[in-house]
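Chemist: The structure's right below; bear with me while I get my questions together.
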Amino acid sequence: MEYKPTSSAQPEIALSKPVHSTVHAKKLVIVSAGALGSPQILERSGVGNPDVLKKLDIPVVVDLPGVGENYQDHHLLLYPYKTSLDEGETLDGILSGRKDFVKALEGKDPMLGWNGIDICAKLRPSATEISSLGPAFQKSWDTTFAPHPTKPLILCGVVNAFLADPGLVPEGQYITMGTYSAYPFSRGSIHVSDREDVEGGYVFDTGFLGDADEKAGKFDLKTQVWGYKMSREIARRLPYYKGELELGHPKFASGSKAALEIGLGDGEVKDLVYSEEDDAAIEDWIRGNLNTTWHSLGTAKMAKREEGGVVDKDLNVYGTTGLKVVDLSVVPENVGANTNNTALVVGEKAAVIIGRELGVEV
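Counted the way numbering that gives the first Met the number 0 counts, the sequence shown spans residues 0 to 361.
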């Protein structure tokens, strides 16, 4: 295996110029560079789609079109709200610098042990809500979600802070509602565009909202529209809710019944009513603000080779000997959770598989 250290990660001295080096493995090579890195390593090694490799004059070692395809993520949007919480109930003091971090550390302030997310939810729309999203959405729902009553459409987390530059907002205590699609239909890809440049020599297409044609019912986009409305209704009913932060919400037209609120009114909180114009404003906001949740996976998926698979059930790369991929790129479909635990499971399972093959007890 040939490799060269990344230039930007080396000290700027004459003796540390990165050079090509070669290492030889006697039993096994394990590629573990993540869903964005592993497919690039495979492609630069000649394992991948010939159409990609031949353009760069990379000799084709294994014809494996699935490499770099099937990229998935949880599509994230963050919506901030004003609250009546005190300074000991959110992380805004620390994130803004108003709270002295050194003193908090010396005093073993328990706030430093918070993860900032006390509440999480897995949400599914009602039958009426599903029907209102259109027949194509309904068909996709009936196929993918209806048979699995515990499969969420949206994951929602409440972050006890304004999750952006604190200089953008007045001093105060905030929460941020994060909504992210649990099982989006969209798929992206990552492929090398340069034989040598490992820092920028690739083309990455997230594929976000890539199912936007009518045949798919704009499923991912409509999922996020519903997620905004649902999370907003949840926020409006919290006892410490004091209205939306305008900079983090869709821009509704003057006179809209869905206009942003300056605070919690008296009496019963009733669901907001959205017009078609309001829905268009939400869709526009989603297109302009959709984010990664840093939950990338799927670009060297475990599946049959003829189904676009890159590795088999034992993590072996098809068409090779003594080569495995061990990271989230092998996961074929998304998971309805943070992918950290999934990564740990992949690693532990790989240790068992590799240990068995090498005769080492794990």
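No residue lacks a Cβ here, since even glycine has one placed at the ideal position from N, Cα and C.
Using DSSP with H/G/I as helix, E/B as strand and the rest coil, what is S125?
Modeler: Three-state result, S125: coil.
Chemist: Roughly how many angstroms separate the alpha carbons of A302 and E332, rounded to a whole number?
Modeler: Whole-angstrom Cα-Cα distance: 10 angstroms.
Chemist: Helix or strand or just coil, what does DSSP make of N288?
Modeler: Residue state, collapsed to three classes: helix.
Chemist: Skipping 5 residues on each side, what residues in its chain have a beta carbon closer than 7 angstroms to that of S185?
Modeler: Taken in chain order, the residues that qualify are G206, F207, L208, G209, D210 and D219.
Chemist: Please confirm whether R43 and V191 have their CB atoms less than 7 angstroms apart.
Modeler: Yes, the pair counts as a contact, with Cβ atoms nearer than the cut-off.
Chemist: What did DSSP end up calling G115 once you bin it into helix, strand or coil?
Modeler: Reduced to three states, the DSSP call for G115 is coil.
Chemist: Mark F100 as exposed unless 16 or more other C-beta atoms lie within 10 angstroms of its C-beta, in which case mark it buried.
Modeler: F100 comes out exposed.
Chemist: Could you pull the start and end residues of the alpha helix (DSSP H) that F136 belongs to?
Modeler: P134 to T143 is the span of the alpha helix (DSSP H), which, as asked, contains F136.
Chemist: What residues in its chain sit with their C-beta under 7 angstroms from that of H74, if we drop five residues either side in the sequence?
Modeler: The residues are Y179, S180, P183, F207, D219, Q223 and L289.
Chemist: Taking Cβ positions, are A258 and M176 nearer each other than 7 angstroms?
Modeler: No, these two residues do not count as a Cβ contact at 7 angstroms.
Chemist: Please classify L152 as buried or exposed, where buried requires at least 16 other C-beta atoms within 10 Å of its C-beta.
Modeler: Classification for L152: buried.
Chemist: In the structure shown, what three-state DSSP assignment does F203 receive?
Modeler: Looking at F203 - three-state DSSP - the assignment turns out to be strand.
Chemist: Tell me which residue opens and which closes the alpha helix (DSSP H) that G226 is part of.
Modeler: Note, G226: alpha helix (DSSP H), F218 to R235.
Chemist: Mind checking which residues open and close the beta strand (DSSP E) that includes P79?
Modeler: Counting along the chain, the beta strand (DSSP E) containing P79 begins and ends at L75 to T82.
Chemist: Would you kindly work out how many angstroms separate the C-alpha atoms of P146 and P64, rounded to a whole number?
Modeler: About 31 angstroms.
Chemist: Contact defined as beta carbons within less than 8 angstroms: I believe K323 pairs with V334. What is the distance between those atoms, to the nearest angstrom?
Modeler: Not confirmed; about 21 angstroms, so no contact.
Chemist: Going by the beta-carbon positions, is the gap between K300 and G287 smaller than 7 angstroms?
Modeler: No; because the gap between Cβ atoms is not below 7 angstroms, this pair is not in contact.
Chemist: Anyone know if the C-beta pair for S420 and A34 falls short of 7 angstroms?
Modeler: Any property of residue 420 remains undetermined from this structure, which presents the chain solely from 0 to 361.
Chemist: Can you tell me which residues form a DSSP beta bridge with E332?
Modeler: Answer is none; E332 lacks a bridge partner.
Chemist: Going by the DSSP bridge assignment, what does Y239 pair with across the sheet?
Modeler: Answer is none; Y239 lacks a bridge partner.
Chemist: Take the Cβ of Q172 as the centre, count every other Cβ of all protein chains shown within 10 Å, and call the residue buried at 16 or more, exposed below.
Modeler: By the neighbour-count rule (16 or more Cβ atoms within 10 Å), Q172 is buried.
Chemist: May I ask you to report which of helix, strand or coil DSSP gives L296?
Modeler: Strand at L296.
Chemist: Straight-line CA distance for V30 to D326?
Modeler: The straight-line gap from Cα to Cα measures roughly 8 angstroms.
Chemist: Would the beta-carbon of A160 fall within 7 angstroms of that of G200?
Modeler: Result no, Cβ atoms of A160 and G200 do not sit closer than 7 angstroms.
Chemist: Have a look at I118 and C155 and give me their C-alpha separation to the nearest angstrom.
Modeler: Approximately 8 angstroms, taken between the alpha carbons.
Chemist: Of the residues A252, V329, A163 and E88, which one's Cα is nearest the Cα of G67?
Modeler: Cα-wise, what sits closest to G67 is V329.
Chemist: Between the beta-carbon of M229 and the beta-carbon of L122, is there less than 7 angstroms?
Modeler: A contact, by the Cβ cut-off of 7 angstroms.
Chemist: Ignore the nearest five residues each way along the sequence and tell me which others in D72's own chain have a CB closer than 7 angstroms to its CB.
Modeler: For D72, where only same-chain residues beyond five positions count, the Cβ hits under 7 angstroms are T205, T291, T292, H294 and S295.
Chemist: Taking DSSP's pairing of strands, which residues face E1 in a bridge?
Modeler: T21.
Chemist: Could you tell me the distance, in whole angstroms, from the CA atom of E260 to the CA atom of K107?
Modeler: So the alpha carbons of these two residues sit roughly 38 angstroms apart.
Chemist: Which first and last residues belong to the alpha helix (DSSP H) in which K53 is found?
Modeler: Per DSSP, K53 belongs to the alpha helix (DSSP H) from P49 to K54.
Chemist: Since N3 and H23 should fall inside the 8 angstroms C-beta cutoff, what is the C-beta to C-beta distance between them, to a whole number of angstroms?
Modeler: For the record, residue 3 in the displayed sequence is Lys; it is not Asn. Rounded, the Cβ-Cβ distance is 16 angstroms, inconsistent with contact.
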